[in-house]
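Take any residue in the sequence shown, note its place counting from 1, add 3, and you have its number in our numbering. Virtual Cβ for every residue (Gly too), placed ideally from N, Cα, C.
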Amino acid sequence: MIGAATCVCAVIGDPVAHSLSPAIHNAAFAASGLDWVYVAFQVAPGRLGDAVMGMRAFGIRGLSVTIPHKVSIIPHLDEVDELARWVGSVNTVVNRDGRLVGHTTDGHGALEALRAEGETVAGKRVLLLGSGGAARAIAFALARDATPGAMEILGIEDAQRDQLVEELGSKTGVPVTGGRLDRLRPAIEEAQLLIHATPVGMHPREGESLVPPSLLRPDLPVFDIVYRPLTTRLLRDAEARGSRVVLGVGMFIHQAAVQFRLWTGREPPIPAMEEVVRARLGRG
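Shown next, in the form of structure tokens:
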């Protein structure tokens, strides 16, 4: 029962009605026997500063931060960890005795999703499709913490992609190249792991894929971070070609698990978190 001793966490964004975060975190708190609760607050851009002051005043233990606040929240925090500084955005805030610390968990979520399926990154040539916020988080987490042999980043936004390539190489020392999607064929031929991190495949572009099926092959693992639908066109094509696949829902679950660990200091009950997410999204 919620009472005076209950610890509160929340997601802030605009909108937040669609968020699965309350379901996954409340399931995790319950499975762990914690007197914690997680709620959703819709916060308009002009009220972000007020919301952060409210976090301090009410002693809220942790925040998930979603669109449109991932970048604009940074000046309101007391500290931002290295990876979040590199990525340039925050999706998690931890209240450490009144000091608000920003983190990014998306990249670690992607790395853990790969590990959970037995996929390794160390020494491999990774092809990343996309250069937006999610792609940045994944690129920096993999380059810093998973020691890929090399990375290639393809995307349609030249300035955004080129900036990511330059920053990734200079900050991590990993060999990184970039290019447009017209380099897809030779890039896939050279790749040992393919990660798709663009909106293609989610609403309203369900049924679409950037990758022609003929370019896929059994020895090329494919990870698509899109998780609505659970199995995208890219993943269906990859399975049909004999490739091992990693579903995007794993990244969502594992980034939430990292949040849980940051807030509570405990190991997350991943099976309980996975069960509630799959129940909400469907099984396939």
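Beta-carbon within less than 6 Å of residue i's beta-carbon, same chain only, minus the 5 sequence neighbours each way: which residues are those?
i: Phe44; result: Ala13 and Ile15
i: Arg247; result: Pro224
i: Met254; result: Gly112, Ala113, Ala116 and Ile228
i: Ala153; result: Arg128 and Pro178
i: Trp291; result: For the chain, the structure presents residues 4 to 287; residue 291 sits outside this window and is missing.
Nearest-angstrom Cα distance between residue i and residue j?
i: Arg186; j: Gln195; result: 16 Å
i: His111; j: Gly6; result: 33 Å
i: Gly245; j: Leu103; result: 46 Å
i: Pro48; j: Gly105; result: 18 Å
i: Val203; j: Ser134; result: 13 Å
i: Met58; j: Arg269; result: 22 Å
i: Val124; j: Ala149; result: 6 Å
i: Val83; j: Val229; result: 27 Å
i: Glu155; j: Leu184; result: 11 Å
i: Phe32; j: Gly126; result: 37 Å
i: Leu23; j: Met276; result: 11 Å
i: Lys73; j: Phe226; result: 24 Å
i: Asp38; j: Val19; result: 23 Å
i: Thr9; j: Gly36; result: 12 Å
i: Ala282; j: Leu238; result: 20 Å
i: Asp100; j: Pro151; result: 37 Å
i: Leu213; j: Leu157; result: 11 Å
i: Leu218; j: Leu132; result: 14 Å
Check residue i in the structure and name its three-state DSSP category.
i: Met154; result: strand
i: Gly287; result: Interpretation of Gly287 is limited by its pLDDT of 49, a score under 50 that renders its predicted location unreliable; no figure is taken from the coordinates.
i: Ala116; result: helix
i: Asp53; result: helix
i: Glu277; result: helix
i: Gly36; result: coil
i: Arg239; result: helix
i: Met4; result: coil
i: His111; result: helix
i: Asp222; result: coil
i: Ser67; result: strand
i: Ala20; result: coil
i: Ala26; result: helix
Between residue i and the rest of its own chain, which residues show a CB-CB distance below 7 Å, the 5 nearest in sequence each way excluded?
i: Ile63; result: Val11, Cys12, Ala13 and Asn98
i: Gly287; result: Annotation note: pLDDT 49 at Gly287 (below 50); position unreliable, coordinate value reported separately. Closer than 7 Å at Cβ, skipping near neighbours: Leu233 and Thr234.
i: Ser92; result: Lys73, Val74, Thr107 and Gly136
i: Arg188; result: Leu218
Considering residue i, what are the terminal residues of the beta strand (DSSP E) in which it resides?
i: Asn98; result: Thr95 to Arg99
i: His199; result: Leu196 to His199
i: Arg188; result: That residue, Arg188, is in no beta strand (DSSP E); its alpha helix (DSSP H) goes Leu187 to Glu193.
i: Thr145; result: In the sequence as displayed, the identity of residue 145 is Leu instead of Thr. Run containing Leu145: none in the beta strand (DSSP E); it sits in the alpha helix (DSSP H), Gly136 to Asp148.
i: Thr180; result: Val179 to Gly182
i: Leu131; result: Arg128 to Leu132
i: Val104; result: Arg102 to His106
Could you give the residue range of the alpha helix (DSSP H) that holds residue i?
i: Ser173; result: Asp161 to Thr175
i: Ile15; result: Segment Cys10 to Gly16 is the beta strand (DSSP E) holding Ile15; no alpha helix (DSSP H) there.
i: Leu86; result: Glu85 to Val90
i: His257; result: Gly251 to Thr267
CB-CB under 8 Å to residue i, same chain, minus the five flanking residues each way: which ones, in chain order?
i: His79; result: Leu51, Gly52, Val55 and Leu103
i: Ile159; result: Arg183 and Leu184
Notebook entry, point to check: Does the stretch 15 to 29 come close enough to the stretch 258 to 277 to have 3 or more Cβ pairs within less than 8 Å?
Noted result: Touching, yes.
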